[in-house]
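Enquirer: Everything in the sequence shown is counted per this note's numbering, starting at 6 for the first residue and increasing by one.
Ideal Cβ positions, reconstructed from N, Cα and C, are used throughout, including at glycine.
Bear in mind that the values here come from a model prediction, so they are computed numbers and not experimental data.
Structure incoming, see below.
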Amino acid sequence: MATTQLERPGDRGLSARARRALKAVPLAWKRFWRLVSLYMPKRLYARSLIIVIAPMILLQSVLAFVFMERHWQTVTQRLSQATVRDIAAIVDLVETYPNDADYANIIRIAQDRMQLKIDLLPPDPLPAPGPKPFFSILDEILSSEITHQINRPFWIDTVGNSNIIEVRVQLEGKVLRAFVRRSQAYASNTHIFLIWMVGTSLVLLMIAIPFLRNQIRPILTLAEAAESFGKGRPMPLDFRPRGAEEVRRAGFAFIQMRERIERQLEQRTAMLSGVSHDLRTILTRFKLQLALTGTKADTEALGQDIDDMQSMLEGYLAFARGEATEDAGRFNLEAYFDKLGEEATLRKRKLSTALAGDPNVHVRPHAFARLLSNVVGNAFRYAKTVEINANHGRGSLLVTIDDDGPGIPPEKREHVFKPFVRLDEARNLDASGTGLGLAIARDIARSHGGDIMLDKSPLGGLRAVIKVPA
Numbered sequence: 006m007a008t009t010q011l012e013r014p015g016d017r018g019l020s021a022r023a024r025r026a027l028k029a030v031p032l033a034w035k036r037f038w039r040l041v042s043l044y045m046p047k048r049l050y051a052r053s054l055i056i057v058i059a060p061m062i063l064l065q066s067v068l069a070f071v072f073m074e075r076h077w078q079t080v081t082q083r084l085s086q087a088t089v090r091d092i093a094a095i096v097d098l099v100e101t102y103p104n105d106a107d108y109a110n111i112i113r114i115a116q117d118r119m120q121l122k123i124d125l126l127p128p129d130p131l132p133a134p135g136p137k138p139f140f141s142i143l144d145e146i147l148s149s150e151i152t153h154q155i156n157r158p159f160w161i162d163t164v165g166n167s168n169i170i171e172v173r174v175q176l177e178g179k180v181l182r183a184f185v186r187r188s189q190a191y192a193s194n195t196h197i198f199l200i201w202m203v204g205t206s207l208v209l210l211m212i213a214i215p216f217l218r219n220q221i222r223p224i225l226t227l228a229e230a231a232e233s234f235g236k237g238r239p240m241p242l243d244f245r246p247r248g249a250e251e252v253r254r255a256g257f258a259f260i261q262m263r264e265r266i267e268r269q270l271e272q273r274t275a276m277l278s279g280v281s282h283d284l285r286t287i288l289t290r291f292k293l294q295l296a297l298t299g300t301k302a303d304t305e306a307l308g309q310d311i312d313d314m315q316s317m318l319e320g321y322l323a324f325a326r327g328e329a330t331e332d333a334g335r336f337n338l339e340a341y342f343d344k345l346g347e348e349a350t351l352r353k354r355k356l357s358t359a360l361a362g363d364p365n366v367h368v369r370p371h372a373f374a375r376l377l378s379n380v381v382g383n384a385f386r387y388a389k390t391v392e393i394n395a396n397h398g399r400g401s402l403l404v405t406i407d408d409d410g411p412g413i414p415p416e417k418r419e420h421v422f423k424p425f426v427r428l429d430e431a432r433n434l435d436a437s438g439t440g441l442g443l444a445i446a447r448d449i450a451r452s453h454g455g456d457i458m459l460d461k462s463p464l465g466g467l468r469a470v471i472k473v474p475a
């Protein structure tokens, strides 16, 4: 017959507490490392220095502790025992031969054989205990040994003279005063160990810091080259793979990747140029045939269709080309805002602009002008009031465009950046109606290393936020 062991309520409660404690351990560990990462330096050079310095400090701390423990506790204690043993022998001699008037022989033996300078003083009270030194290991060990070996009232001074220790012992009818060299009772060569330890650490750091800097410099150069390529800027002329083997491999891989991308861009541009030329030729032939045949009323609608086809073709080619082959240069925001003011006057729109910081930004001028033209053009088309605020500082340009138009629902704001997407209340239509205006704008912004975000405007319409490094 099978038997079962009943689980007691206390065991069940303990098991539940243990399970909760085990679940809390990973959370506490993650919280600890999150706190550590918050205060850790973010740069690779600083972290590498910590990786070098932290083990060195830990190792030296352990060595110093072990050395001090063995050196001071063991060596100092043995030296103090020998010194107190000599003083105890002098005490025994003084008490064994009390009839010696001036104790000259005892003083001579102590000085010649024990290297102690002793005096016998009148039976005056011992001095009051003085303040203990901050580092009182000698004071503690010497006091402990005198109490253990002599067991008489005593007074010691370990701070009065840095090289001499004074010891007074109360005897019957007299006071024995002994002067002992500090080196006899204390291991005084500790500073040599500390000097060697700190000195070698500084030498190692002087070697490690330049070495780390030389190893990290190629990584920083590779990061700058990748960042420049991501912004559409030319790669630094002095860039070449250097450093450790892994860094060199990453550098060569980046160069090969960049060359492949540039070849693909060149092939795409050449192909688009050929396609554009062929299609323009066909459209021109259509226009010529329409001009030579039929009445004006018959050909007017077909001519409008051909113009729309040509405009759409230009839009497709502009989106596919992305103007990525343009070199970076200076773009003046004030001059461009003046042009927008003239356009707003022609369109009978109310425009206000504000600029903070340097008006000159380092971007691809034609591409960036097209970016702003697409976004501001949409605002002019569907709003009466437009406000533009630009802030250029700390290596970035932030342009905010607000309008009082119909806006875009929040769930569709990201969708309108897709190519050929057209909403019912078409906020993203360009002049040709292809649905590529915002797609081209975001493509240009991202090719600069930035982006465009849409939000609700304080004016009631749409807010477009353009942020690019500049």
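With burial defined as no fewer than 16 other Cβ atoms inside 10 Å of the residue's Cβ, what is the status of Pro414: buried or exposed?
Expert: If you number the sequence shown from 1, residue 414 lands on position 409. Result: exposed.
Enquirer: Compare the C-alpha of Ala450 against each of Glu267, Lys461, Thr390 and Leu377 and name the closest.
Expert: As a first step, residue 450 must be located in the sequence shown, where it is residue number 445. For the residues Glu267, Lys461, Thr390 and Leu377, the minimum Cα distance to Ala450 belongs to Leu377.
Enquirer: Express the C-alpha separation of Val470 and Phe422 in angstroms, rounding to a whole number.
Expert: Position 417 of the sequence shown, counting from 1, holds the residue named residue 422. Position 465 of the sequence shown, counting from 1, holds the residue named residue 470. For Phe422 and Val470, the distance between alpha carbons rounds to 13 Å.
Enquirer: Give me the residue from Ala361, Ile123 and Ala255 with the minimum Cα distance to Glu171.
Expert: Here residue 171 corresponds to residue number 166 of the sequence shown, with the count starting at 1. Here the closest residue by C-alpha is Ile123.
Enquirer: Under a three-way DSSP split, which group does Ile266 fall into?
Expert: Along the sequence shown, one-based indexing puts residue 266 at 261. Correct three-state label for Ile266: helix.
Enquirer: Check for me: the beta strand (DSSP E) holding Glu463 runs from which residue to which?
Expert: Residue numbering aside, residue 463 sits at position 458 when the sequence shown is read from its first letter. In the sequence under discussion, the amino acid at residue 463 is Pro, which differs from the Glu named in the question. Judged by DSSP secondary structure, Pro463 falls outside any beta strand (DSSP E); it is assigned neither H nor E.
Enquirer: What is the DSSP secondary structure of Ile413, reduced to helix, strand or coil?
Expert: Start at 1 with the first residue of the sequence shown, and residue 413 comes out as number 408. Looking at Ile413 - three-state DSSP - the assignment turns out to be coil, as it is neither helix nor strand.
Enquirer: Where does Val67 land, buried or exposed, given buried means 16+ other C-beta within 10 angstroms?
Expert: Reading the sequence shown from its first residue, position 62 is the one you call residue 67. Classification of Val67: exposed, given that the 10 Å Cβ count is below 16.
Enquirer: Name the DSSP beta bridge partners of Leu181, please?
Expert: Locating residue 181 in the sequence shown gives position 176, counting from the first residue. Within the DSSP bridge table, the entry for Leu181 names Leu125 and Val174 as partners.
Enquirer: Since Asp408 and Ser357 should fall inside the 8 Å C-beta cutoff, what is the C-beta to C-beta distance between them, to a whole number of angstroms?
Expert: Here residue 408 refers to the residue found at position 403 when the sequence shown is read from its first residue. Here residue 357 refers to the residue found at position 352 when the sequence shown is read from its first residue. Their Cβ separation, rounded to whole angstroms, is 11 Å, which puts Asp408 and Ser357 out of contact at 8 Å.
Enquirer: Using only the alpha-carbon positions, how far apart do Asn168 and Gln120 sit?
Expert: Within the sequence shown, residue 168 is the residue found at index 163, counting from 1. Within the sequence shown, residue 120 is the residue found at index 115, counting from 1. Cα to Cα, the separation comes out at about 14 Å.
Enquirer: With a Cβ-Cβ cutoff of 9 Å, do Ala349 and Val391 count as a contact?
Expert: Residue 349 sits at position 344 when you count from the first residue of the sequence shown. Residue 391 sits at position 386 when you count from the first residue of the sequence shown. By the CB criterion at 9 Å, Ala349 and Val391 fall inside the cutoff.
Enquirer: Would you kindly work out how many angstroms separate the C-alpha atoms of Gly442 and Asp460, rounded to a whole number?
Expert: Taking the first residue of the sequence shown as position 1, residue 442 is located at position 437. Taking the first residue of the sequence shown as position 1, residue 460 is located at position 455. Taking the straight line from one Cα to the other gives about 17 Å.
Enquirer: Would you mind stating whether Leu318 and Leu284 have Cβ atoms separated by less than 9 Å?
Expert: Within the sequence shown, numbered from 1, the residue matching residue 318 stands at position 313. Within the sequence shown, numbered from 1, the residue matching residue 284 stands at position 279. In this structure, Leu284 lies closer than 9 Å to Leu318 by Cβ.
Enquirer: Quick one: Cα of Asn156 to Cα of Gly135, how far?
Expert: For the purposes of this step, residue 156 is taken as residue 151 along the sequence shown, with counting starting at 1. For the purposes of this step, residue 135 is taken as residue 130 along the sequence shown, with counting starting at 1. For Asn156 and Gly135, the gap between their C-alpha atoms comes out near 20 Å.
Enquirer: Residue range of the alpha helix (DSSP H) that His367 falls in?
Expert: If you number the sequence shown from 1, residue 367 lands on position 362. No alpha helix (DSSP H) holds His367; the beta strand (DSSP E) holding it covers Asn365 to Val368.
Enquirer: Give, in chain order, every unbroken run of the alpha helix (DSSP H) that is at least 4 residues long and sits entirely within the region 222 to 254.
Expert: none
Enquirer: When the Cα atoms are used, what is the spatial distance from Arg75 to Thr81?
Expert: Here residue 75 corresponds to residue number 70 of the sequence shown, with the count starting at 1. Here residue 81 corresponds to residue number 76 of the sequence shown, with the count starting at 1. Going from the Cα of Arg75 to the Cα of Thr81 covers about 9 Å.
Enquirer: Suppose the cutoff is 8 Å on Cβ atoms and the five residues either side in sequence are ignored; what does the same chain contact list for Arg335 look like?
Expert: Position 330 of the sequence shown, counted from the start, is the residue given in the question as residue 335. These residues qualify, in order along the chain: Asn365, Val366, His367 and Pro370.
Enquirer: Report the residue from Gly410, Ala69, Lys344 and Glu100 whose alpha carbon sits nearest the alpha carbon of Ile495.
Expert: Residue 495 falls outside the range modelled here, since the chain spans only 6 to 475, and no answer is possible.
Enquirer: Measure the beta-carbon distance from Ile214 to Leu63 and round it to whole angstroms, keeping in mind my assumption that it falls under 8 Å.
Expert: By one-based count along the sequence shown, residue 214 stands at place 209. By one-based count along the sequence shown, residue 63 stands at place 58. The Cβ separation is near 19 Å, so there is no contact.
Enquirer: Once the 5 residues before and after Asn337 are set aside, which same chain residues still bring their CB inside 7 Å of it?
Expert: Within the sequence shown, numbered from 1, the residue matching residue 337 stands at position 332. Leaving aside the five residues that flank Asn337 on each side, the residues in its chain whose CB is nearer than 7 Å to its CB run, in chain order, Pro364 and Asn365.
Enquirer: Is it buried or exposed, Asp3, if we count other Cβ atoms within 10 angstroms and call 16 or more buried?
Expert: Because the chain here runs from 6 to 475, residue 3 falls outside it and cannot be looked at.
Enquirer: Return the first residue and the last residue of the alpha helix (DSSP H) that Glu347 is part of.
Expert: Position 342 of the sequence shown, counted from the start, is the residue given in the question as residue 347. Per DSSP, Glu347 belongs to the alpha helix (DSSP H) from Leu338 to Arg352.
Enquirer: To the nearest angstrom, how far is it from the Cα of Arg31 to the Cα of Ala23?
Expert: Locating residue 31 in the sequence shown gives position 26, where the first residue counts as 1. Locating residue 23 in the sequence shown gives position 18, where the first residue counts as 1. According to the sequence shown, residue 31 is Pro rather than Arg. Distance between the alpha carbons of Pro31 and Ala23: 14 Å.
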